[in-house]
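Chains as they are written, first to last, in the numbering used here: chain A, 86 to 390; chain B, 86 to 390.
Glycine included, each C-beta is placed from N, C-alpha and C at the ideal position.
Quantities reported herein were computed from a predicted structural model and do not represent experimental measurements.
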DNA sequence: TCATGCTATGAGTTTAACTCATGTCTATGT
DNA sequence: ACATAGACATGAGTTAAACTCATAGCATGA
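What follows is the structure, given as structure tokens:
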């Protein structure tokens, strides 16, 4: 944290959400899950807090975790302090208003942005959103031409290599391609290597035609890759749906299939990922970046992975 | 900090003390001074907060800094949240009680510990303190024999090399010797090198007789060091007082003369510091370390430099 | 117009917080 | 009684946030 130290209070403040979660669950493990960190991290944070205060807040006996008297007192007061700050946060965010026209790629909108928009509109109810699609363009040698009209949207969420003339961009994540399929595709087959998988149909994204070649090259399979491709689709969301139906192997950006991988709809028959060198960006004019609603969107998208 | 991110609220919590200081002072610079960090650090923290919320909290025009409407709202609410947590902290610390017998070296007690005890007794009013002196022993080849009775004190603050049999220790800081004197000692002389300083009387600590030899060696002056020493004292606090009176050059641990250096009572005629390899430790039995009052003392001493 | 006193910012460093892997303990079920 | 599972603790190593330092930029007032 710091070379010098602030008052003790400031250190306690930062731990309160962790302590509160632990107190509510009566379990470091479950608290960790809620917070998206590991059990060990919670354990250490609580230890620190206990040492800072010179108190024992939890009694540990094997698997059993319980608040002590002091812990109970703290948890009650902590709750009200947290409530105060949460309300404050909502009130402040509620004061951010405006109209936000977001341009984004169809697949990105559907498979990634939509579920995040929900939380955003809840946090910033006074911001109204207008979502429109913009095209991606990889035909011109990865030069990231803006083939959509920057003045027609306030911000764009798109893929590219990071240079947009006269526009400022914020990188959300790198593009990583993942080889996936539905379990029904393989049937009883037990592929041992990537080469074994080449017998299955491959689903092609028609505006990223080189993807499979690039993939084959990255995994040293170029000479084995059949040239025929019978199934091709204009958008990733179509490729995804085809994969879900078990129509073939798909090569999809990890950022678009997080949900499908998590819930098991799709899986990696043999892990074979590679970076494309592209990245997903939020792009806007400098003027737009100065708008509170725009930085609010950026922060929101940056913090909910 | 984290690979994953907690809820936004937790990030806001940690900034509140910084924001509050900035709001109170109407100045990042003064807030930084209060917090013991740099101006740039405050500037960045406030920027972060503004981006997280999607709001402008301060209006900056050159040297002029003023809260915006949103900033004013936040500052009011932040104050009450901080108050809540501060009161809570006091209440919890107030519940830590007990008797604490601290054994420490006379000079360390007077020149370092005393000013820290004040804040400690305020934070932990229910802990009663009994301060006694213990001897240091460097005669036995730096073997850190415990030549005080560990059972007669709960914790000891002492100097050594870090190994106390059957006791656990916490290192507070390394021992660094600093060459200092009062301005009156030099008169009109303008020493250009350490060698020029050797004409002045040297104040000797009688239980650390080797100090000057060690110092001379560290600065490659051994062959020039006169052997005579007319002024010697049993304790550092005496050496210090002699130096304050302009009686000669003194070689003192930095930790004991922070105040004198800061307020200009003493200064370094020519910077000539060196580490002794000793360190200042808080030492206690494992049983004592488990006492809340003991860890409370450790935390307190660790955080107020 | 220049000096002064503030904030902003780029580059590099430090440190607290985290992950990962493993150890240990308790409760529970066979 | 013993094995197993499930929870917290902890050592070692890594990451990323927060900090420092140094400097640029900008208003204000002499």
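Handout entry: As assigned by DSSP and simplified to three states, the class of residue 232 of chain A
Key = Coil.
Handout entry: Residue range of the alpha helix (DSSP H) that includes residue 179 of chain A
Key = For residue 179 of chain A, the enclosing alpha helix (DSSP H) stretches over residues 154 to 179.
Handout entry: the segment 369 to 382 of chain B contacting the segment 181 to 190 of chain B, beta-carbon criterion three pairs below 8 Å
Key = Cβ pair count under 8 Å is three or more, so yes.
Problem - Three CB pairs or more closer than 8 Å across the segment 248 to 267 of chain A and the segment 324 to 331 of chain A - result: With a cut-off of 8 Å on Cβ pairs, the segment 248 to 267 of chain A is in contact with the segment 324 to 331 of chain A, counting three or more such pairs.
Exercise for the section: Would you kindly report the start and end of the unbroken alpha helix (DSSP H) that includes residue 344 of chain A? Expected result: It spans 339 to 347 - the alpha helix (DSSP H) in which residue 344 of chain A sits, taken as one unbroken run.
Practice task
Please go through the same chain and pick out, in chain order, the residues whose beta-carbon is closer than 7 Å to the beta-carbon of residue 304 of chain A, but skip the five residues on each side of it.
Solution key: For residue 304 of chain A, where only same-chain residues beyond five positions count, the Cβ hits under 7 Å are 279, 357.
Practice task
Would you kindly check if the distance between the Cβ of residue 150 of chain A and the Cβ of residue 104 of chain A is under 8 Å?
Solution key: It is not a contact, given that the beta carbons lie outside the stated cut-off.
Exercise for the section: Within its chain, find whatever has a CB closer than 7 Å to the CB of residue 101 of chain A; leave out the 5 residues flanking it on each side and keep chain order. Expected result: In chain order, 163, 166, 167 place their CB closer than 7 Å to the CB of residue 101 of chain A, counting only its own chain and leaving out the 5 sequence neighbours on each side.
Problem - Below-8 Å beta-carbon distance, residue 372 of chain A vs any chain B residue - result: Not one chain B Cβ lies under 8 Å of residue 372 of chain A.
Handout entry: Backbone secondary structure at residue 275 of chain A - three-state DSSP
Key = In the structure shown, residue 275 of chain A sits in coil (DSSP, three-state: anything other than H, G, I, E or B).
Problem - Residues of its chain near residue 287 of chain B, where Cβ-Cβ distance is below 7 Å and the 5 sequence neighbours each way are ignored - result: Excluding residues within five positions, the ones whose Cβ falls inside 7 Å are 297, 314, 333, 334.
Practice task
Could you tell me whether the Cβ of residue 107 of chain A comes closer than 8 Å to any Cβ of chain B?
Solution key: No, its Cβ sits nowhere closer than 8 Å to a Cβ of chain B.
Exercise for the section: Determine, using beta carbons only, whether residue 212 of chain A and residue 193 of chain A come nearer to each other than 8 Å. Expected result: Cβ distance not < 8 Å, so residue 212 of chain A and residue 193 of chain A don't count as in contact.
Exercise for the section: Just the C-alpha distance for residue 274 of chain B and residue 354 of chain B, rounded to the nearest angstrom, thanks. Expected result: One C-alpha to the other measures close to 11 Å.
Handout entry: Of the residues A:374, A:360, A:270, A:370, the one placed nearest residue 329 of chain A, counting alpha carbons only
Key = Comparing Cα-Cα distances from residue 329 of chain A to each of A:374, A:360, A:270, A:370, the minimum goes to A:270.
Handout entry: Test: residue 97 of chain B CB closer than 8 Å to a CB of chain A
Key = Chain A, which has a Cβ nearer than 8 Å to the Cβ of residue 97 of chain B, makes this yes.
Problem - C-beta atoms of residue 216 of chain A and residue 187 of chain A nearer than 8 Å - result: Yes; because the gap between Cβ atoms is below 8 Å, this pair is in contact.
Exercise for the section: Below 7 Å CB to CB, which residues in the same chain sit around residue 124 of chain A once its five sequence neighbours on both sides are set aside? Expected result: Around residue 124 of chain A: 113, 114, 117.
Handout entry: Neighbourhood of residue 388 of chain B by C-beta distance below 6 Å, restricted to the same chain and skipping five residues each side
Key = Within its own chain, no residue has a Cβ closer than 6 Å to the Cβ of residue 388 of chain B once the five positions on either side in sequence are excluded.
Problem - Other residues of its chain near residue 195 of chain A: CB distance less than 6 Å, five sequence neighbours each side excluded - result: Taking residue 195 of chain A as the centre and dropping the five residues before and after it, the same chain places the C-beta of 322 closer than 6 Å to its C-beta, in chain order.
Exercise for the section: Starting from residue 393 of chain A, follow the alpha helix (DSSP H) in both directions and report where the run begins and ends. Expected result: Nothing in the structure corresponds to residue 393 of chain A, since chain A is present only between 86 and 390.
Problem - Range of the contiguous beta strand (DSSP E) that encloses residue 143 of chain B - result: According to the DSSP assignment, residue 143 of chain B belongs to the beta strand (DSSP E) that extends over 143 to 146.
Problem - Sub-8 Å separation of residue 309 of chain A and residue 283 of chain A beta-carbons - result: Yes, the Cβ-Cβ distance between residue 309 of chain A and residue 283 of chain A is below 8 Å.
Practice task
Mind listing the chain B neighbours of residue 261 of chain A? Cutoff is C-beta to C-beta under 8 Å, in chain order.
Solution key: Correct list: empty, because the minimum Cβ distance to chain B is about 17 Å.
Handout entry: Residue burial classification, residue 307 of chain B (beta-carbon count within 10 angstroms, cutoff 16)
Key = Answer is exposed; the Cβ neighbour count stays below 16.
Practice task
Could you give the DSSP three-state label for residue 388 of chain A: helix, strand or coil?
Solution key: Of the three classes helix, strand and coil, the one that applies to residue 388 of chain A here is helix, per DSSP.
Handout entry: Contacts that residue 162 of chain B makes with chain A (C-beta to C-beta distance below 9 Å)
Key = Chain A residues near residue 162 of chain B: 169, 170, 172, 173, 176, 177.
Practice task
Pick out whichever of B:250, B:367, B:352 has its Cα sitting closest to the Cα of residue 394 of chain B.
Solution key: Absent from the structure is residue 394 of chain B, since the part of chain B shown begins at 86 and ends at 390.
Handout entry: Whole-angstrom distance between residue 173 of chain B and residue 97 of chain A, CA atom to CA atom
Key = Computed Cα separation, rounded: 10 Å.
Handout entry: Span of the alpha helix (DSSP H) around residue 207 of chain A
Key = Start and end: 199 to 208.
Problem - Between the CA atoms of residue 131 of chain B and residue 343 of chain B - distance to the nearest angstrom - result: If you take the alpha carbons of residue 343 of chain B and residue 131 of chain B, they lie about 32 Å apart.
Problem - Nonlocal neighbours in the same chain, by C-beta distance under 7 Å from residue 392 of chain B, ignoring five residues either side - result: Only positions 86 to 390 of chain B appear in this structure, which leaves residue 392 of chain B out of reach.
Exercise for the section: Determine the extent of the alpha helix (DSSP H) in which residue 324 of chain B is found, giving its start and end residues. Expected result: Where residue 324 of chain B is concerned, the enclosing alpha helix (DSSP H) stretches over 321 to 329.
Exercise for the section: Rounded to whole angstroms, what's the CA-CA distance from residue 170 of chain B to residue 143 of chain B? Just pull it up for me. Expected result: Taking the straight line joining both Cα atoms gives about 25 Å.
Problem - CB contact flag (residue 338 of chain A, residue 260 of chain A, <8 Å) - result: The criterion of a C-beta distance shorter than 8 Å is satisfied by residue 338 of chain A and residue 260 of chain A.
Practice task
Go ahead and label residue 371 of chain A buried or exposed: buried means 16 or more other beta carbons lie within 10 angstroms of its beta carbon, across all protein chains shown.
Solution key: A residue is called buried when at least 16 other Cβ atoms come within 10 angstroms of its Cβ; residue 371 of chain A does not meet this threshold and is exposed.
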